[in-house]
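Trainee: In terms of the numbering used here, the sequence shown opens at residue -4 and continues consecutively.
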Amino acid sequence: MQRAARAGLGAVGAGAAIVLGLDLAYLAEVDPLRRTISEHGIGEHGWLFSLGVALLAVGSLAIGASLVGRRLTAIRSAGALGLLAWSAGLLVTAWFPKHDWSVGPSLSGSIHRVGGIVAFLSLPLAALLISRPWRRHPEWRGSALAVTVLGLGSLLWVLGIAGAVVVAERSGLPWWRVMPLGLVERGMAVTEVAALVALGFWAARREGVRLPRALSGREAVPD
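Here it is as structure tokens:
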């Protein structure tokens, strides 16, 4: 299963490079402080953005499969399901492009938004749940701690956006104007991809650990 983790890391790296390349190529047209990453999904190069996000999703699935195969988490655990939800959310955002809400509502745009919310919320929870049983393991607590810290950082970004929405509701301002949405989203994306990469390196380097059968439906617990 180490090969699956390495292949997943490769796909994640390629996907992230594509999205970063789009950000740099269109820096003069898409304000990174105010415009979201999904803006790249609109226009003639939208297929490139979809490809990058799809590669992130496929790589995430490969890393998740490796984590399960190496007994770092159980297949029916909340952590594994969180990674699956993250991957599914990414695929939804890749298939249903961002909508220009200034021209009116859109079913596709609403689906894209829901997919993004599911993805960005699921990854930090998955990272925290998968790493939790291993934080005191004498050999692997370093890897678990790295995943935990990045998972917490990702969750803080999500909570920050939620806080901005609350402030917007009370002030009457559009929630995306309360903060530099583009910058916040990019910070969150970088942190979450870093957490995913940390999980991938962990799965790629670990030796197999036997998961007790009695725990096969819950989070893994170190022997």
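Heads up, the beta-carbon is just placed ideally off N, CA and C, and yes, glycines get one too. All values derive from a computational prediction rather than experimental measurement.
(1) Classify Asp26 as helix, strand or coil using the three-state DSSP reduction.
(2) Could you check what DSSP says for Gly10 in three-state terms: helix, strand or coil?
(3) Determine the direct distance from the alpha carbon of Val53 to that of Ala189, and round the result to whole angstroms.
(4) Taking the Cβ atom as the reference point for each residue, do Ser101 and Ser82 lie within a distance shorter than 7 Å?
(5) Would you mind working out which of Trp197, Tyr21, Leu76 sits nearest Leu124, comparing C-alpha positions?
(6) Judging by CA-CA distance, which residue of Trp152, Pro175, Ala199, Ala20 is the nearest neighbour of Thr186?
(7) Check whether the Cβ atoms of Ala198 and Leu62 sit closer than 7 Å, and answer yes or no.
(8) Whole angstroms are fine: how far does the CA of Ser126 sit from the CA of Val144?
(9) Quick test of your reading: Ile32 and Ala184, contact by CB under 8 Å. State the CB separation rounded to the nearest angstrom.
Mentor: Once the coordinates are examined:
(1) coil
(2) helix
(3) 16 Å
(4) no
(5) Leu76
(6) Trp152
(7) yes
(8) 10 Å
(9) 6 Å
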